[in-house]
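Note sheet for the following structure.
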Amino acid sequence: MIKAILIFNNHGKPRLSKFYEHYSEDTEQQIIRETFHLVSKRDENVCNFLEGGMLIGGSENKLIYRHYATLYFVFCVDSSESELGILDLIQVFVETLDKCFENVCELDLIFHVDKVHNILAEMVMGGMVLETNMNEIITQVDAQNKMEKSETFIFQSPRQDR
Amino acid sequence: MALKIVKGSIDRMFDKNLQDLVRGIRNHKEDEAKYISTCIDEIKQELKQDNIAVKSNAVCKLTYLQMLGYDVSWAAFNIVEVMSSSKFTYKRIGYLAASQCFHESTDVIMLTTNQIRKDLSSPNQYDTGVALTGLSCFVTPDLARDLANDIMTLMSHTKPYIRKKAVLIMYKVFLKYPESLRPAFPRMKEKLEDPDPGVQSAAVNVICELARRNPKNYLSLAPLFFKLMTSSTNNWVLIKIIKLFGALTPLEPRLGKKLIEPLTNLIHSRILLCLSSVAVLISLSSGMPNHSASIQVMKYLGLLAMSKILKTHPKSVQSHKDLILQCLDDKDESIRLRALDLLYGMVSKKNLMEIVKKLMLHVDKAEGTTYRDELLTKIIDICSQSNYQYITNFEWYISILVELTRLEGTRHGHLIASQMLDVAIRVKAIRAFAVAQMATLLDNAHLLTGNTQHNGICEVLYAAAWICGEFSEHLEDPMATLEAMLRPKVATLPGHIQAVYVQNAAKLFSTVLRGQEGAPADSKVAQETSQLLIDRLPVFVQSANLEVQERASCILQLVKYIQKLQQKDVEVAEEVTALFAGELNPVAPKAQKKVPVPEGLDLDAWINEPPSGSESEDEGRKTKTKGKAVFAKEESRHTKPRYTEVDEKELAKRREVRKAEQANNPFYIKASPSSQKVYQEAVGVEHIPVVQIDLSVPLKVPGMPMSDQYVKQEEERREKNKADRKKKDKKKRREKGRQRRGDSGPESEEDITPAHMVDIVTEEMPETALYTIPCLFPSQKSSKHKKKKQKKEEKDKKKKKHQHHHHHSDGAGDESVQNGTVEEEEPLPVSKQSPFILSTQSNPCPLDIQVCDIQGNLHDGSQVVVSVIFENKCDSFIKSMEFNVMDSLNSKLQRPEGAGPHDSLTVPFQLPPGISNEARFIFSMQSIVMPQKLKGTLTFIVKVSWSCSPQSTHIPHYPNQIEVYLSRVPNTTGVDLTIKCLLTGSNQQYLLLRHPCNICPLCMCPCPSQADQTVSIDAKCDEPGLLGNVLDEIKLTFSQC
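These protein sequence lines map, in sequence, to chains Y and A. The numbers in the first sequence follow the UniProt record's numbering, run straight up by one, and end at 162. The numbers in the second sequence follow the UniProt record's numbering, run straight up by one, and end at 1041.
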């Protein structure tokens, strides 16, 4: 099970947070801060696994993260997930973002956090991995965006008429 | 109306959308909170409007604010409104918001049931999908119950997109509403074979999660997974299935075999693990700095894999010790932590000091308390594992502990403290040294408590004070320590530590008195000591801590009284010492049950009859209730039976509490399974005084010892031992003119001799004498393939160590009890340091043990039955024999079900003097190829008649030498084999003939034609290793006869 997915930048500003267990808003912020603290002090060329986060941690869980340019992608998982598998999943996630946003950068995530959520929802559902095939993910995301567009069109045209 | 709509639209044009909000926040870095609060006000306005587009825009912004840590639960109802929009765009926003901020206690969730049901059955697959995704995040037991059927229907939806989501969400439904598991399971099973790989992978995912909780129930699916594993190409699915099999194989051993067979290339989990560790080893050795990140990943995974292998195959990991030690120097903390975990499994007597020294270096270097604390616990874990098995020099260990106290801000003070106590109590030889160290610690207490009062390290003062007090006879300058313990600063320590200080100050006081009254000239000093106590104790009498206060005032009065006596020149030392008389002996957890129940004592009998509804009580209650209404009588009748019940319950409860208390108390005998007997008091334990002393005197700071010196010492000692042994060996060899196998090998583990012995021993009793006899069973074993086994048993010929305890005679009975422990231990050097070595050679060991037969179990080839003859050679009755052999990799003593891996087997008979009897023990063996030595312990109680003087309990060790060689001699049929077993006892030789099992891959045709003194042996075997060993064995046997 994946317990949480966090994206934050080099300064610890959250860009996306998805918790698959309920925490209060304050605890969530604390978890993000703590995770950032743990992850950010690690060197560039050390391994991508980390144990010992207190809040979301517990001995059972570990943090698996990757650092891309200005962003950290952190997955908190329990022992039933394979470490390499999750690393791979992060890669798929980032590549998918790259395809959907065309050369994704931090700004895309800042202004379109809802879209990132939608993409993520096609990959991970309720803490379990739903789909790992990038093409399949993109197909579904595109189909939904298309549907949204058609609705917006119908919706907007009468308004403009008025 | 139209106007209103127009107005709404115009408003909308000025509304901020999400992007505007984000931009705004970024532009108001200075007063972000203020800006956001105005935004929230705007959002509240927007939510009040009817226009769903406006609302959904507001909800979208709220979702963003939620991520920034703002509570948006107040908008829950609006979120539900947006969710129920017919437009996909808004619905999606609504469900996203709901998944981010709804949880089980959100009350509006129950409003959503129908909406979700509608969405689930929507013709648009994305409506359904979005509802499923949302639901997976906020499903509650109610929702799960109400929607389980709808979701189950979706599991056979035509679109794979919906099917896989429905399958996945079922796991959440099962969690919240377990009743749904049974009806849904068949369909879930079907989905394992779904044509769509996505659905398949989802189903595997769900079942793996379920199986993780309770693997047993999913064994039946193994064949299905097996098929999937061979056919699937999806790595995700493969990983999950392997993990699943990892959980299943322990339950069904056959599965493991089946997995290995056809699929060496594809993964039995263990093979995969091995692969990754191999990969790591490669990367470790090549250590290229460039692709270091990915190498780090591999390193980490390799170490992780190794820790899993370590549990089952410690040997294979141990060979990589150097690499793992290297990893300790890695800059990556994750890797260091993993390597630490591994260290636990690979220490030995030889390398313990080296490893700990390395760890100590890391402790000094470590930044961050988490890692340092982890190091500290690991050091202690490593050193103390299996009863300090690997520690050869306890002075070294005490110094390590003392060094560890210098860590600032560690949380593990109590851990260090308990280790100090444990070692000081159990290793008698070390007490003098420990006391000296502890006195130093007390002297320098200000260094420990220093700045932070909540420093966990001050716990060690608890141990230090207690050790100094309890073993004060070893103190060089008790006066100085007494002063150190009574410094005013002590009053700032936590209460429980102060209490120990006060009590032990009294103990020290008695020691000082005893020391000084001997020399009459010093009586002034004695009086000064009393005065010191009288001066300093009042601080503690005022303590807020009840315990401290109570003890201090008690002791203060006592000292005052003593002072009065001293002024009259009365000798008081003896009486004061009597307060704390009695030696403290370690007590094994199981010792209590060895104490025989005295005749006529019925432990089950009530001491006080339980308050049954006795008449007088009844009357009493009646009189009380008299005068009240008529109901009162009825009431009393009701309460009567209940009363006894409550009493019984309460008693049980109190008993529980007491037991728990005792279990936590290190000075108590631990509760044993036979709880009934526990009530009996252990006399020896009673007079262990727990005393504390406080002194406040300026102290000299003697140099603390450095543990490093011991490493050197140890090396020298080892060198010396080796040299000695070589000399001895040479002599022996010359005498015997024959070479002993064991001597020729390189220095083995066993050759390292501990300098001190721990009073470990499982079955030790208070007030008993005990001695140790070593015996060694080397054995070789038979395999599943029904190979004939060849075994060799060999007694340890080396010197044995003895443990000896003072024999207390309390004169209470006409019998005293001796408790013997036969231990298979390494030879002990006769060193002056160890008090456990008995030098007297007067008595032979009372028990003679011989292995008379080793036999393969015909029904199950992997079992070996070892028959052992016990002969009582002394004049006393031997009873309560318990036999235990440490499990090794290859062999395991079979114990009754429910027994732990370290429990010993009771030998089912007692031995009157001169009688021998045979007992059988069953071992299960893994491989028969190599000869094995087994080590075991035999503990027993010798009843000695009362006339025995305590000295007679010095029982020297008389090593039994038994060598058993088995070889196989085929009889005429060529299929049926006979084993010839040659057993060399101390003086006898036996030949045993056995009919072995029918089919054996090993055939030998020795023609023992004794006439011409030549023996030729032909052997055939499909396993070269086995054959080689057998032949060696035979050669050796013949060369010796």
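Backbone N, C-alpha and C fix where the C-beta goes; we use that ideal spot for every residue, glycine too.
Which of helix, strand or coil DSSP assigns to residue i
i: Val347 of chain A; result: coil
i: Ser924 of chain A; result: strand
i: His446 of chain A; result: helix
i: Cys76 of chain Y; result: strand
i: Arg654 of chain A; result: helix
i: Met1004 of chain A; result: In this predicted model, Met1004 of chain A has a pLDDT of only 42, less than 50, meaning its place in the structure is not dependable; the value taken from the coordinates is given anyway. Reduced to three states, the DSSP call for Met1004 of chain A is strand.
i: Thr392 of chain A; result: coil
i: Met125 of chain Y; result: strand
i: Gln19 of chain A; result: helix
i: Arg514 of chain A; result: helix
i: Leu601 of chain A; result: coil
i: Pro14 of chain Y; result: strand
i: Tyr65 of chain Y; result: strand
i: Glu32 of chain A; result: helix
i: Phe225 of chain A; result: helix
i: Glu136 of chain Y; result: helix
i: Val525 of chain A; result: helix
i: Asn872 of chain A; result: strand
i: Pro158 of chain Y; result: Low confidence applies here, because Pro158 of chain Y scores a pLDDT of 44, under 50, leaving its location unreliable; read the following figure in that light. If DSSP states are grouped into helix, strand and coil, Pro158 of chain Y belongs with the helices.
i: Leu938 of chain A; result: strand
i: Ser85 of chain A; result: coil
i: Ala581 of chain A; result: coil
Proximity test, residue i beta-carbon vs the ligand PLP heavy atom, cut-off 8 Å
i: Ile941 of chain A; result: This structure simply doesn't include the ligand PLP, nor any ligand for that matter.
Alpha helix (DSSP H) segment containing residue i, residue limits
i: His414 of chain A; result: 413-426
i: Ser553 of chain A; result: 546-567
i: Met353 of chain A; result: 352-365
i: His37 of chain Y; result: 25-40
i: Pro478 of chain A; result: 478-484
i: Arg92 of chain A; result: 88-101
i: residue 1043 of chain A; result: Within the shown structure, residues of chain A are numbered from 1 to 1041, placing residue 1043 of chain A beyond reach of any answer.
i: Gly85 of chain Y; result: 83-101
i: Ile324 of chain A; result: 321-328
i: His239 of chain A; result: Before going further, note that residue 239 of chain A is Ile rather than His in the sequence given. Unbroken alpha helix (DSSP H) run through Ile239 of chain A: 235-248.
Nearest-angstrom Cβ-Cβ length linking residue i and residue j, presumed shorter than 8 Å
i: Thr405 of chain A; j: Ile467 of chain A; result: Not really, about 13 Å apart at Cβ, beyond 8 Å.
i: Ile32 of chain Y; j: Leu16 of chain Y; result: Contact doesn't hold; Cβ gap of about 10 Å is too wide.
i: Leu147 of chain A; j: Ile109 of chain A; result: About 12 Å separates the two Cβ atoms, so there is no contact after all.
i: Leu130 of chain Y; j: Lys164 of chain A; result: 7 Å
i: Ser882 of chain A; j: Val866 of chain A; result: Here residue 882 of chain A is Glu; the residue named in the question, Ser, does not match the sequence. Contact flag wrong, Cβ pair sits at about 16 Å.
i: Lys55 of chain A; j: Leu47 of chain A; result: 6 Å
i: Ile555 of chain A; j: Ala506 of chain A; result: 5 Å
i: Cys47 of chain Y; j: Asp332 of chain A; result: 6 Å
Proximal chain Y residues relative to residue i, where beta-carbon distance stays under 9 Å
i: residue 1060 of chain A; result: Since the first and last residues shown for chain A are 1 and 1041, residue 1060 of chain A lies out of range.
Terminal residues of the beta strand (DSSP E) in which residue i lies
i: Ala4 of chain Y; result: 2-9
i: Met881 of chain A; result: 877-885
Proximal residues of chain A, C-beta to C-beta of residue i below 7 Å
i: Ile110 of chain Y; result: Val22
i: Thr61 of chain Y; result: According to the sequence provided, residue 61 of chain Y is Asn. The question's Thr does not apply to it. By Cβ distance, chain A contributes nothing, its closest Cβ being about 13 Å from Asn61 of chain Y, past 7 Å.
i: residue 171 of chain Y; result: Coverage of chain Y is limited to positions 1 through 162, which leaves residue 171 of chain Y absent and any answer about it impossible.
i: Gln140 of chain Y; result: Tyr161
i: Thr152 of chain Y; result: Thr89
i: Met1 of chain Y; result: Glu209
i: Cys47 of chain Y; result: Gln296, Val297, Lys299, Tyr300, Asp332, Ser334, Ile335
i: Val129 of chain Y; result: Asn205, Trp236
Where residue i meets chain Y, residues with beta-carbon distance less than 8 Å
i: Met67 of chain A; result: Pro14, Leu16, Ser17, Val113
Contact set between residue i and chain Y, taken where Cβ atoms lie within less than 7 Å
i: Tyr462 of chain A; result: Ordered by position in chain Y, no residue passes the 7 Å Cβ test against Tyr462 of chain A, which lies about 28 Å from the chain.
Any alpha helix (DSSP H) of 4 or more consecutive residues that is wholly inside the stretch 130-215 of chain A: Complete alpha helix (DSSP H) runs here, min 4: 141-154, 160-176, 181-191, 197-213.
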